[in-house]
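Heads up, the thing below is written out as structure tokens.
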Amino acid sequence: MIAIACQIALAIIGVCMLLNLYRLAIGPNVLDRVLALDTLVINAIALIIVLGIWFGVSVYFEAALLFAMVGFLSTVAFCKYLLRGNVIE
Amino acid sequence: MEMGMEASLQAMTQILIAALILIGAFFLFVGSLGLAKLPDMMRRLHGPTKATTLGIGAMLIASMLYFMMLGAFSIHELLITLFLFLTAPVTAHMIAKAHMLGDAATQAELSETPAGWATLKAPGREA
Numbered sequence: 023m024i025a026i027a028c029q030i031a032l033a034i035i036g037v038c039m040l041l042n043l044y045r046l047a048i049g050p051n052v053l054d055r056v057l058a059l060d061t062l063v064i065n066a067i068a069l070i071i072v073l074g075i076w077f078g079v080s081v082y083f084e085a086a087l088l089f090a091m092v093g094f095l096s097t098v099a100f101c102k103y104l105l106r107g108n109v110i111e
Numbered sequence: 009m010e011m012g013m014e015a016s017l018q019a020m021t022q023i024l025i026a027a028l029i030l031i032g033a034f035f036l037f038v039g040s041l042g043l044a045k046l047p048d049m050m051r052r053l054h055g056p057t058k059a060t061t062l063g064i065g066a067m068l069i070a071s072m073l074y075f076m077m078l079g080a081f082s083i084h085e086l087l088i089t090l091f092l093f094l095t096a097p098v099t100a101h102m103i104a105k106a107h108m109l110g111d112a113a114t115q116a117e118l119s120e121t122p123a124g125w126a127t128l129k130a131p132g133r134e135a
């Protein structure tokens with residue numbers, strides 16, 4: 023039962039990532055693209071977690087944690103650059 | 009008797025895990041659909057920051073229960089949950105600030121405040 027739920031969830035997450043890529047491609051300005059990238063990272067974390075449950079491997083959580091940190095830092099760096107014209111002042 | 013109870017407990021845990029995975033996938037889909045379909049930037053911000061965070065929270069709880077059921081309990085999922093729940097509002101705040109600074113139509117709608125809007129003052133730019 024958990025395997026079937028994982029497969030359905032993987033399909034839904036794939037559709038989610040396609041929607042995010044659509045916003046990333048057409049986004050009218052830069053911030054839409056930053057937001058789409060941030061959501062794409064969150065969906066990637068969900069993908070890793072579901073794969074970890076499906077395979078029964080707990081090693082993938084290190085990757086998920088690293089993705090979470092890198093995604094947050096890159097989004098904040100993008101916003102900081104757009105706000106101040108500089109990342110580290 | 010003991011064996012039967014344990015088996016039914018395990019079946020219930022499996023149902024709970026599968027339900028949490030599907031709930032998480034549903035909320036991730038709602039957030040991504042909102043990002044793709046809503047008409048303007050400030051409204052689009054709602055989808056990823058609320059629905060998606062809730063969805064990934066449900067998925068992390070499911071994974072924590074699953075590995076607890078396998079007997080390999082770890083606290084990593086709790087770390088990721090805590091980190092994501094702390095950083096999602098910060099991300100949304102930064103994006104909203106950058107949007108307010110860059111968009112003249114949004115600035116025209118802002119109400120007056122006694123001290124002004126700190127967001128609108130950046131070095132090297134006319135506020």
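Just so you know, the sequences run in chain order A and B.
Just so you know, we're using this note's numbering here: the first sequence kicks off at 23 and counts up by one.
Just so you know, we're using this note's numbering here: the second sequence kicks off at 9 and counts up by one.
We treat Cβ as the ideally placed atom computed from N, Cα and C, and that holds for glycine.
Item, Value
"Own chain partners of residue 56/A with C-beta closer than 7 Å, once the 5 adjacent residues on each side are dropped", "97, 100 and 101"
"Reference residue 99/B, options 63/A, 29/A and 107/A, closest by Cα", "63/A"
"Inter-residue CB distance, residue 55/B and residue 93/B (contact presumed, cutoff 8 Å)", "That pair is no contact at about 17 Å."
"Rounded separation between residue 63/B and residue 52/A - CA only", "26 Å"
"Contact list for residue 22/B against chain A, beta-carbon separation under 7 Å", "23 and 24"
"Short CB-CB distance (under 7 Å) between residue 56/B and chain A", "yes"
"Cβ of residue 45/A within 7 Å of any chain B Cβ", "yes"
"Nonlocal neighbours in the same chain, by C-beta distance under 6 Å from residue 96/B, ignoring five residues either side", "57 and 61"
"Helix, strand or coil at residue 135/B [DSSP, three-state]", "Note that residue 135/B scores 44 on pLDDT, short of 50, meaning its location in the model is unreliable and no value can be drawn from it."
"C-alpha gap between residue 81/B and residue 94/A, whole angstroms", "26 Å"
"Below-7 Å beta-carbon distance, residue 98/A vs any chain B residue", "yes"
"C-alpha distance - residue 70/A paired with residue 53/B, whole-angstrom precision", "24 Å"
"Neighbour list for residue 69/B in chain A, Cβ cutoff strictly below 8 Å", "Ordered by position in chain A, no residue passes the 8 Å Cβ test against residue 69/B, which lies about 10 Å from the chain."
"Reference residue 39/A, options 24/B, 78/B, 37/B and 28/B, closest by Cα", "37/B"
"Own chain, CB closer than 7 Å to residue 67/A, minus 5 neighbours either side, in chain order", "86, 89 and 90"
"Nearest-angstrom Cα separation, counted from residue 68/B out to residue 14/B", "24 Å"
"Residues of its chain near residue 105/A, where Cβ-Cβ distance is below 6 Å and the 5 sequence neighbours each way are ignored", "none"
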